Each structure stands twice: as C-alpha cells, then as structure tokens.
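Reading through the structure tokens given below for one structure.
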Amino acid sequence: MMENPGFERSKDDPPQYEETSFTSNGFRNGDHRAVRPSVVSAFGHDTLDRVPRIDFYRNPASLSGHRVLRPSLQELHDVFQKNLNDVNTGESSEVGDSSVLGDVESVVPLEDKKEEGVVKFGWIKGVLVRCMLNIWGVMLFIRLSWVFGQAGIGLGIVVVLLSIVVTSVTCLSMSAICTNGIVRGGGAYYLISRSLGPEFGGSIGLIFAFANAVAVAMYVVGFSETVVDLLKENDAIMVDPVNDIRIIGCITVVLLLGISVAGMEWEVKAQIILLVILLLAIGNVFVGTVIPSTQDKRSKGFFNYRESIAKENFLPDFRDGETFFSVFAIFFPAATGILAGANISGDLKDPQDSLPKGTLLAIFITGLTYLGIAVCVAATVVRDATGNRNDTIIPGMTCNFSSACEFGYDFSVCENTKCNYGLMNNFQVMTLVSGFGPLITAGTFSATLSSALASLVSAPKVFQALCKDNIYKALKFFAKGHGKNNEPIRGYVLTFLIAVAFILIAELNTIAPIISNFFLASYALINFSCFHASYAKSPGWRPAYKYYNMWLSLFGAVLCCAVMFVINWWAALVTYGIEFFLYIYVTVKKPDVNWGSSTQAVTFVNAVDNALTLLGVDDHIKNFRPQCLVLTGSPRTRPALLDVAHSFTKNYGLCLTCEVFLGPRDNNLSEISAAVQKNQLWLNQQKRKAFYTAVVRENLRDGAETLMQASGLGRMKPNTVMLGFKQNWRTADRQEVQSYVGILHDAFDFEQGTVILRISQGLDISHILKAEEELERLIMEQHALEMEENDFQPQGGKWFFKRSKKTSTKELTNKVSLDVPQSCDLAKMNQRLMEASSQFKKKQDKGTIDVWWLFDDGGLTLLLPHILTTRKKWRDCKLRIFIAGQSERIEQDKEEMQSLLKKFRIKCDEFKVITDMNVRPSTESWKAFKDVIEPFRLHEGSKETSQAEALRKEHPWKITDAELDSFDEKTKLQVRLNELLQESSRAAKLIVVSLPIARKGSVSDHLYMAWLEALTKNLPPTILIRGNHQSVLTFYS
C-alpha cells in the first residue's frame, strides 16, 4: 500500500488542503482502489462498480485509515472495457477521482499514524475532570459567600442558575457542532472556524488563545495573593506585598510550565492530584456545617443550620452600591471554563462522544456544588458579626439586630461600624465553616493552580491550531510541534512570556473583566455558529447530538452578548473592537482555505432567494445595467477586451467571460473542466468581478448561440454581447468569417445589445502566452538537468539557483525561437501588442471619449461611455458627442440634444453636429475600399448570363455587383465616416461609434466586414455599439 508522497513531510508543517477537481479521470498519487471480491458475488457478475464503504469518504492521510477511490464516472461511462482487466488484477489506474467535492479539512501527515505512544484521553480525564477544575475556581472559596450575602439565598440562586443557563446553552450548541463531523485540535477556534469560516474563526481564535494566556496570569496572581496573605499572618513578607506577588507568581508559572512541557500525560496526573485536594476541601465544607460550632466560631457568625438564619438571609441586602448585575458580574467568571475540554480536542480519543458528555456533566456537577455550598453557608452564617466573644446579650437587654440575638449574641454594633466577620465582611467564611481550616487553604491553592494549568495547556493548543491553518502567515513559526503528542513548545514559551508580563502587573481587577469578555465572546460565537448552521439548512448539517434548538442557540448568543455588557461595558466594547479589526484583516487577506462553512451555505441560500425575488419584479429602465457576455476565449488571451468589459460592469452588472471549445465534445471534456477552474482562479487573482463559462461546440457561432440562450440565471442574464473585431478577416477561411458575422446576426435576433472593440494592434496575445509557457517549461527542464548533473545537490544554495536561472533563460531563448519565430520586427510587434493589450489597466491621461451617436438605439451608445467616465481610470477623460445633422438646423439640433442630455443628467463637455456626412468620400479612400473588397467580389456583371449564374452557385458568399449597387450609399457612408473620424477624433483616448446593421440575407458577410473595416481603420481604440432599440435611459424619476 503506497503512501501519498504529498504528505511525506514534517509533522509540524501546516495542513495541506485538497482541491476540488473534476478535471481528471482517475486517481491521484497515493490514492488507490481496493479490489473487493464481494462485488462479483453481490451482483452476480464482474463489475467496476463498488459497494458503499467508509474508505471512499476519507480525507487523504486520514488518521483512521487510507482513503480508497471509487471508480470515476468517466471510467464507468466511457472506458470500462479497456480498464476492466487492470481493475480485476488490482492495478491502480492512472486516472483520478472526480467525486471529491472539496472536503478540504485539516489532515494529519501519515507519519503521525506511525508514531507509537501517542497519549489520548477519554471523556473523564480529558473533559470532565478538566472542566470541573476550571469551573471550580477561586470564586468557590473566596467570593461565593459574599455573593449570597449581598443577593440573599433567593437572588443568589438566580445568579448561579443564570450562569448555568449561559454555559448549558453554549454546551448544547457546542455538542451539536462537534458531533457534525470529526473534531481536530483547536477547541473553540476549530469549532467556530469550521462553522462560520476563517474570518470569524481567525478573529476569535487569536482572542481566545490570548485570553487563556492572560488567564494563566490571573489565576497565578490569585494563588500568589493567598500565599502573601499567609505570609502576612506569619509576619514573613520578603520585600513588600506587591513584589512578593510578582516573585511568587513567576516561580509558580515556571513550575507549571515545567509540568506542561513534560507532556499531556504529566499534566493530567497533576490535574488528578489537584482534583482530589479540591474534592476533599469541598467535602470539608459540608462536614463543617454539621459540626457543632465553638464559641469562637459563634462570635464570628457561624451557628450551624438555623431556620431563622436561612429566612433572614433569603432576601437581598445590597450594600456599598452593589446591585444584582454587579454581583452577577463578580460571580460569572466562576462559570467560565466549559471549553477546557474542547481546547484539547486533538488529544481526545473520541471528541464527538467525549465533549458533550463530559462538559454537560461537569456543568451539572459544578452547578450543584455551587448551589449546595452557597445555600449551606447562607443557612449557617449571619451577614454581620464582630468576632468578639464578649458581645453576648446581657439579661434584661433587648436585641433585634439579627437572628444572632436568638442565640445569645448581640452584633448591633455592626449597624454603625464596619465589622470584620459574617457573610458580608469576611472572604474567608469557608475556612470558618469548614471542619479543618487548612484544607480550605489547600483547596484554594488547588482551584487556582488547576485553572492556571488548564489555561496554560489550552492557550498553546488553540494557538498552534490557528497557526497551522496559516490564517495569519506571520504566526506560522508557532505551528511546529514536538514529541509524540506534537506538543506546541514554542506556544508554551509564548504563553509563558505573556503570563509573566501580566503577573508583573500584580493587579487582578485590571485584567479580569477583559478576560471574562473574551471567553463570553467565544461562547456567543459558538451559539451563533450552531444557529447559523441550522438556519442555512445545508444538507451537510447533520449533528449526531439532537438535543439542541436553533432558536435556543440564538438566545444563548444574545444572552452572552448581554452578559458581556453587564459585566463590563467598556471591556465588551474593547473585545468587539479587537474582534472586528481581526475580522476585517482576515477578510482582506482572504486565506486560501475552504472548510464548507455555514457562511458559504447562507450566502448560497441568499443568492438563490434574491434571484427568485428579482423574478417577481419587472425590469425598469431606471434599473437597467449592462450585463455583458464577453467572448474573450480564455480571459488571459484578450486582456484589453476583458478590461473594457469590466469597466462597464464592475459594481454595476454581470460580466461573463466566455470560451467556445471547438471539436467533438468527448475530446474536450477534461480540457473544459480544467479551463473553468484555472480561468476563474485567474479572474479572482486579477481582481476581476467576472465569471468564466465555457461550452463545447462544432463551430464558434453555435457555441456563441448556446451561450446567448443559456447563460445567466433569472433576471441575471446577459443583455449585451461583447466581442473583439476580427482583425484577420481578409485572410481567414470564409467559414470563420461567416461564423463571426453570424454571431452578430444572432445577437440582433436575440435582441441583445452588441459591442465590438477594435485596437489597431489587435487583441489576441495567446501566441505570446504560449511562448512564455514554453520558455518556462524549458527553463524547468534545464533546472532539472543541472540538478541531475549535480546528483540533486544544489551546491551554493540560493546563489546556485539564482545563477542557473539567469543563464538558463539566456541559453534557452534560442531554443524557444525554434518553435516561436522571434525576428526583430516580430518582437517589436509583440511588444506593441502587449502594450496595447494592457493600456486599459492603467489610469488614462487627460483626453476625450468621442461618442458618435449616429442612430438612436435606445441609448446604449451613450450610456456605456458615460459609465466609463464614472470609473477612476477614466475620470480625467471628458465626453464629446457628435451627431448627424443638416446645415440649416445646426443650432436647433444642438439645443434639442443638449436639452435631452440635461434631462438624462449626462455631462458632456463638447457637442458637435456633423453636417457633411452625405458628401462623397475622397477618391483615395474609395479606391482603398475597393482594393479591400476586390478579392471577395464576384464581378458577374462583366460575364455572360450563364457564366454569371454558374459563378453565383460556385461562390454564393462573394459580393455581387448588384449587392454593391444596392448598398452603394451605405457603403460610401462608412468610408466617409472614417474620414470624419480621422479629422475630428484622431487624438481621442477612445472612440465610440454606432454600429451599422447588415440586413440578414441581403448583405454578404464579407461586405459587412468591409464596412466595419472601413469605418474603424487607422483610428485610436474604437468601440462599435448597437443597443437593442429598447430604452435604457429615461428622464423620469
């Protein structure tokens, strides 16, 4: 079984994406078709068809097995007989699979499968334990009692339940997403990017990785503050409290980094130890509530379970300006951490099964724990206590300050003086309530260190996945992994540096809000991803997890956004600002990835809906826009034609670049498929807002007719046919000329506007492109020969390649000239042709666009040049308009046309009435025209009748004397117009002239081409335009 050499690379290289291809007929390198003997027994006869199997649907270099390619449709349809023997013997075919619809997911190199000892975790160690440790944070032991003191048991439960609702809805959405296909490494980034695309995924991925890195600092600073408090109690401060936090924090993060770098297995072992300590501390709280309180504990407000205390603490008692939302803001960070398991999704045995099960169970367990501990503490400890054992009730005194009065203690002094104990005043209530105080301190250490460790592992893993996708090319350095688990050592170092930088701030209140908002932004996008995928109704959205609802996910997304602003409005704005900036950056850079996101699905659905909506609305003149069908052939071969068409349609209308492949269909199928992909990619790279389409027909006219009839969708159909002038019509075969003129007749028949572009140097540069391709091919061959001569050792490194390329180009020029003659004159001609072909790519200098609007065609001849003047490249060019008129009506014609242009709101710098169009052309011009048509004339007038009749039958396409006499005035008009054009418009940047029409069956093809030749010869770039004689301009609002 041969490996795919395309994946024989270092494990840390960014993933390769498989391109959609319909161009080949068989298998790519490394893919193979397994012979299944069961096919014969299943169908009763030998067949190339294969029964369904999972290996047909794998990606290249799949983790779980090799991809096998099913027989292509071409094999089954065309070449079954000649390939049958090869298939039966199990030999691989040289044809590729055309059935792969761009399943371009990140793939892992084949070497990864060979690595032994890769550590993978189940749902308990990998998800449940990790999520519980991350959710059980410092808040559990230090702030939970204060939250219930402020909000009371009633609203306190609401605070906890609201947090659980946010995380639970997010978890349901995450479960749906991660069960809709195989989940790789990258956690929240992976889920969001594969659902909403690289723009959303890339922006939130960077934010989420950074938030986890800063969270390491936050948890470590929390740990350090607890240690410093202990040092204060024992009078053992090293320098001062702030610097002690920095010192202890840096030492702690170095130790945590060592555990992380040692590998995931060691990190999980450390997490298990911390979990055990944390569970003992939690149990210690519950046990402590039933142990009879001592006098010291009673003086500090702890009286065991008392109904009166529970009733008193049930209602809220907000103090110091706190409100429900401010208290909620302080508590909510305790609920973040549900993505701890998803962040190491690449290290799970079965992410699809583990993530929903482990995360939901973790939310349930931690939610019950928070509620249980909070209610127990709130039912046993009063809000205020002095801590003074002597504050007891003296007989004869009355006491109604708090329920403590029932138990013999008078804490009424707390009404006017700040006390140090009770739910409202003492953050160490958990230590007071517990059976063994030091165990709570150990639990606090465990909660902070476990959360820090989880974040220290999550940040590099997410960051590595982001870098591997190469969305931010500058970060590719961090994609490299090391060891059997592909550990992101470089990411660990970066996370360590970020954590140390924030530890040196030593102030939690500065960084905590923005971190919580970063996490919430991730939750909001996960919820929105689920909603968006469901809304798109893509057939590929088939999550195995069914317990979700698209509207619930949308509610979760809105709720997360609301919570962000409740917690800290400015931090929320900062978060959205950063996310928006990164989104714009990724959108502009357009990373070359295709993940089949729901954004693509919704774009398609919206496009179809909008197309159907347009069908229900009749066309209106005000909404007319040029929608051009441009017969460019391959767009690269006629760039000038494409540039002018693009100037007409960019941001205005539809532009279809079309090519007709000539010959039998079967011989062109693979070529046309390759051309579609290649030319559309080229158009995108050239930033041309155009589509490419191609057909196969026996001749050019049939192909163009097919395109005119079938192109477009609904109202988005071409209304203007654009093509280049046939420069070689005098030397071309008569069938080619007939086909060209036939296209113009068909355009008129289909009531299409018609546009012809003529440049004196010509439009077609295909021969130059072929020469360049040949030169490049020979240079590559020369490189290969030089490499072979040097035993494939490129001595000299970069210098070798630079030198060889330079000398090869020089040496191979002569070889190319054997195939493509390059005389001095021809080289100059080609240079002029290339310059002319690129002239419309650059900004035009100041000048004029001369419009000879000779016939009223509905206004297209006037509208298209006006559109050109609105373009940046043509902005410095002014419109000059010429019309035909009579000498006695010059002023009247001017006034009428100026009034019409004013109503059309089209600015014209100069207006001229031509009165001498009906003058006979000069003798020289008329003689030149007659010389042009001489080879195509029949001259039957000078022959006898029988001989003339025989000539007509033998050459029915030639120009007869009768035809010339019949169209003598129209012929002379074209010659005369050329003289006038040379007089008035010789210096114009562009000339636009009304296209003369040849009546079908009356004007021969060569006479019509002679008209166009005579009209446009020896002029600057000229465009002939004829509308379909339906108005495209209106002066009504």
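Residue numbering for the sequence shown follows this note's numbering, beginning at 12 and increasing consecutively.
Glycine residues also receive a C-beta, built at the ideal position from the N, C-alpha and C atoms.
All values derive from a computational prediction rather than experimental measurement.
Return the first residue and the last residue of the beta strand (DSSP E) that A353 is part of. Working through the sequence shown from its first residue, we reach residue 353 at position 342. Premise fails: A353 is in no beta strand (DSSP E) and is neither H nor E.
So does the segment 927-936 actually touch the segment 705-717, counting three or more Cβ pairs closer than 8 angstroms? no
With 16 other CB atoms within 10 Å as the buried threshold, where does K557 fall? If you number the sequence shown from 1, residue 557 lands on position 546. K557 is exposed by the Cβ-count criterion.
Determine the closest residue to T1027 out of L796, A490, V687 and Q738, with distance taken between C-alpha atoms. For the purposes of this step, residue 1027 is taken as the residue at position 1016 of the sequence shown. Ranking L796, A490, V687 and Q738 by Cα distance to T1027 puts Q738 first.
Kindly provide the ranges of any alpha helix (DSSP H) runs that are 4 or more residues long and lie completely inside the segment 968-996, ordered along the chain. 972-977 and 979-995
Using the C-alpha atoms, what's the distance from S953 back to L667? By 1-based counting over the sequence shown, the position of residue 667 is 656. By 1-based counting over the sequence shown, the position of residue 953 is 942. Cα-Cα distance, rounded: 49 angstroms.
Determine the contact status of V171 and A385, defining contact as a CB-CB distance below 8 angstroms. As a first step, residue 171 is located in the sequence shown; it is residue number 160 there, counting from the start. As a first step, residue 385 is located in the sequence shown; it is residue number 374 there, counting from the start. Yes, Cβ-Cβ distance for V171 and A385 is below 8 angstroms.
Where W606 falls: helix, strand or coil (DSSP): Working through the sequence shown from its first residue, we reach residue 606 at position 595. In this structure, W606 counts as coil in the three-state DSSP scheme.
Assuming R891 and T859 make a contact with CB atoms under 8 angstroms, what is their CB distance in whole Å? For the purposes of this step, residue 891 is taken as the residue at position 880 of the sequence shown. For the purposes of this step, residue 859 is taken as the residue at position 848 of the sequence shown. Between T859 and R891 the Cβ distance is about 5 angstroms, and since that is below 8 angstroms, they are a contact.
Return the chain-ordered list of same chain residues with a C-beta closer than 7 angstroms to the C-beta of E590, the five sequence neighbours on each side being excluded. The count along the sequence shown starts at 1 and reaches residue 590 at position 579. So the list reads S214, I215, I218 and A532, once near-sequence residues are dropped.
Under 8 angstroms between C-beta atoms of L359 and F507: Walking along the sequence shown from the start, residue 359 turns up at place 348. Walking along the sequence shown from the start, residue 507 turns up at place 496. Cβ atoms of L359 and F507: not closer than 8 angstroms.
When DSSP labels each residue in this structure, what does H1017 get in the three-state scheme? Here residue 1017 is taken as the residue at index 1006 of the sequence shown, counted from 1. Helix at H1017.
Minimum C-alpha distance to V727 - residue among A701, F736 and V707: Sequence index remark: in the sequence shown, residue 727 carries index 716 (1-based). Looking at the sequence provided, one finds Met at residue 727 rather than Val. Looking at the Cα atoms, A701 is the closest of the given residues.
Taking the beta strand (DSSP E) that T859 falls in, what are its first and last residues? Taking the sequence shown and counting its residues from 1, the one referred to as residue 859 is at position 848. Residues G858 to W863.
Do R769 and T1033 have their C-beta atoms within less than 8 angstroms of each other? In the sequence shown, counting from the first residue as 1, residue 769 sits at position 758. In the sequence shown, counting from the first residue as 1, residue 1033 sits at position 1022. Yes. Within cutoff.
Could you name the residues that DSSP lists as bridge partners for E498? The sequence position of residue 498 within the sequence shown is 487, counting from 1. DSSP output for E498 lists H493 as bridge partner(s).
Going by beta-carbon coordinates alone, are I451 and M435 separated by less than 8 angstroms? Taking the first residue of the sequence shown as position 1, residue 451 is located at position 440. Taking the first residue of the sequence shown as position 1, residue 435 is located at position 424. No. Outside cutoff.
Does the Cβ-Cβ distance between G870 and L640 come in under 8 angstroms? Position 859 of the sequence shown holds residue 870. Position 629 of the sequence shown holds residue 640. Against a cut-off of 8 angstroms, the Cβ pair of L640 and G870 comes out as no contact.
Give the DSSP bridge partners of V748, in chain order. Residue 748 sits at position 737 when you count from the first residue of the sequence shown. Answer is none; V748 lacks a bridge partner.
In this structure, does DSSP put F1050 in helix, strand or coil? As shown, the chain starts at 12 and ends at 1048. That puts residue 1050 outside it, with no answer to give.
Compute the beta-carbon to beta-carbon distance between N841 and I779, rounded to the nearest angstrom, for a pair I have assumed lies under 8 angstroms. Here residue 841 refers to the residue found at position 830 when the sequence shown is read from its first residue. Here residue 779 refers to the residue found at position 768 when the sequence shown is read from its first residue. Correct: roughly 6 angstroms between the Cβ atoms.
Report all residues from its chain with a CB closer than 7 angstroms to the CB of Q909; omit the five preceding and five following residues, and keep chain order. To locate residue 909, count along the sequence shown from 1; it is residue 898. Same-chain partners within the cutoff: F922.
Rounded straight-line distance, which links the Cα of N497 to that of E518: Taking the first residue of the sequence shown as 1, we reach residue 518 at position 507. Taking the first residue of the sequence shown as 1, we reach residue 497 at position 486. Near 34 angstroms, if we compare the C-alpha coordinates of N497 and E518.
With the cut-off set at 8 angstroms, would you say Q363 and A555 are in Cβ contact? The sequence position of residue 363 within the sequence shown is 352, counting from 1. The sequence position of residue 555 within the sequence shown is 544, counting from 1. Cβ distance < 8 angstroms, so Q363 and A555 count as in contact.
Which stretch, first to last residue, makes up the beta strand (DSSP E) that contains M1106? Nothing can be reported for residue 1106: it is not among the residues displayed for the chain, which extend from 12 to 1048.
Out of T881, S898 and A351, point me to the one whose CA is closest to N929's CA. Your numbering for residue 929 matches position 918 in the sequence shown. Closest by alpha carbon: S898.
Going by DSSP, which residues form a beta bridge with K889? Numbered from 1 along the sequence shown, position 878 holds the residue referred to as residue 889. T859.
Could you check which residue in Q161, Y703, N679 and S365 has the C-alpha nearest to that of L642? Position 631 of the sequence shown, counting from 1, holds the residue named residue 642. Ranking the options by Cα distance to L642, first place goes to Y703.
How about F542: is its Cβ closer than 7 angstroms to a heavy atom in the ligand NAD? No copy of the ligand NAD appears in this structure; indeed no ligand is present at all.
Give the range of the beta strand (DSSP E) segment to which Y703 is assigned. Stepping through the sequence shown from its first residue, residue 703 is reached at position 692. F702 to R708 is the extent of the beta strand (DSSP E) around Y703.
Given S186, which residues of its chain have a CB within under 6 angstroms of its CB, disregarding the five upstream and five downstream residues? Here residue 186 corresponds to residue number 175 of the sequence shown, with the count starting at 1. So the qualifying residues of the chain are P367 and Y556.
Could you check what DSSP says for C639 in three-state terms: helix, strand or coil? As a first step, residue 639 is located in the sequence shown; it is residue number 628 there, counting from the start. Looking at C639 - three-state DSSP - the assignment turns out to be strand.
Just checking, does the segment 224-232 make contact with the segment 459-473 on the three C-beta pairs under 8 angstroms criterion? yes
With burial defined as no fewer than 16 other Cβ atoms inside 10 Å of the residue's Cβ, what is the status of F1046: buried or exposed? Reading the sequence shown from its first residue, position 1035 is the one you call residue 1046. Exposed, by the Cβ-count rule.
Can you list, in chain order, the residues of its chain whose CB lies under 7 angstroms from that of Q282, leaving out five sequence neighbours each side? Start at 1 with the first residue of the sequence shown, and residue 282 comes out as number 271. Correct list, in chain order: V140, R141, L144, S461 and L464.
May I ask which residues mark the beginning and end of the alpha helix (DSSP H) holding K884? Taking the first residue of the sequence shown as 1, we reach residue 884 at position 873. Per DSSP, K884 belongs to no alpha helix (DSSP H) and is neither H nor E.
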